[in-house]
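Take the sequence shown: its letters are residues 13 to 132, numbered as in our numbering. Quick reminder that beta carbons are idealized off the backbone N, C-alpha and C, glycines included. Nothing here was measured: the structure is a model prediction, and the numbers come from that model. Worksheet: one structure, shown below.
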Amino acid sequence: MFTLTAQDRHGILIKEATKKGYAEATVGDSVNLSHPNSKTRRGRVGNQIANTLLTGESQGVVEPDFRIRKLTPRECWRLQGFPDWAFDKAQEVNSNSQLYKQVGNSVTVNVISAIAQGLG
13 MFTLTAQDRH GILIKEATKK GYAEATVGDS VNLSHPNSKT RRGRVGNQIA NTLLTGESQG
73 VVEPDFRIRK LTPRECWRLQ GFPDWAFDKA QEVNSNSQLY KQVGNSVTVN VISAIAQGLG
């Protein structure tokens with residue numbers, strides 16, 4: 013175990029239902045922000061990866077100053093493999109809430125493309 017001080021920053025401790033009771037999130041890690049006070053949640057920190065995108069605004073990323081920033085709708089669309097032009101077009105007629113829902117209900121473009129090529 014270690015102690016975080018203002019002079020020696022390693023990461024942010026995120027509450028989890030594990031033996032340690034927490035997971036450490038460092039710069040660039042994703043953090044699932046849904047149900048922050050839950051006593052049964054696990055796998056809340058994605059080490060240098062993005063966790064599963066849901067239909068709400070529940071994903072964050074640890075910034076270099078050790079603050080957690082919510083992912084923007086554009087970042088979520090990019091994580092799912094959509095091009096910026098598709099996001100720009102969708103943004104013209106949808107609220108941020110709808111953009112999060114659309115990407116949370118979608119599938120990752122690159123994964124589906126690879127599966128389709130494997131079947132062909």
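For residue i, the three-state DSSP class (helix, strand or coil)
i, result
"residue 58", "strand"
"residue 31", "coil"
"residue 105", "helix"
"residue 51", "coil"
"residue 39", "coil"
"residue 25", "strand"
"residue 122", "helix"
Distance between beta carbons of residue j and residue i, contact taken as under 8 Å
i, j, result
"residue 65", "residue 91", "6 Å"
"residue 63", "residue 93", "That belief does not hold up - the Cβ atoms of residue 63 and residue 93 are roughly 16 Å apart, past 8 Å."
"residue 73", "residue 40", "7 Å"
"residue 116", "residue 68", "7 Å"
"residue 89", "residue 78", "That pair is no contact at about 26 Å."
Beta-carbon proximity check, residue i vs residue j, cutoff 8 Å
i, j, result
"residue 25", "residue 34", "yes"
"residue 55", "residue 42", "no"
"residue 52", "residue 29", "yes"
Determine, using beta-carbon pairs with one atom in the stretch 67-85 and one in the stretch 107-117, whether at least three such pairs fall under 8 Å.
yes
As an exercise, report each continuous beta strand (DSSP E) stretch of at least 3 residues that is fully enclosed by the stretch 58-94, in chain order.
71-74 and 80-82
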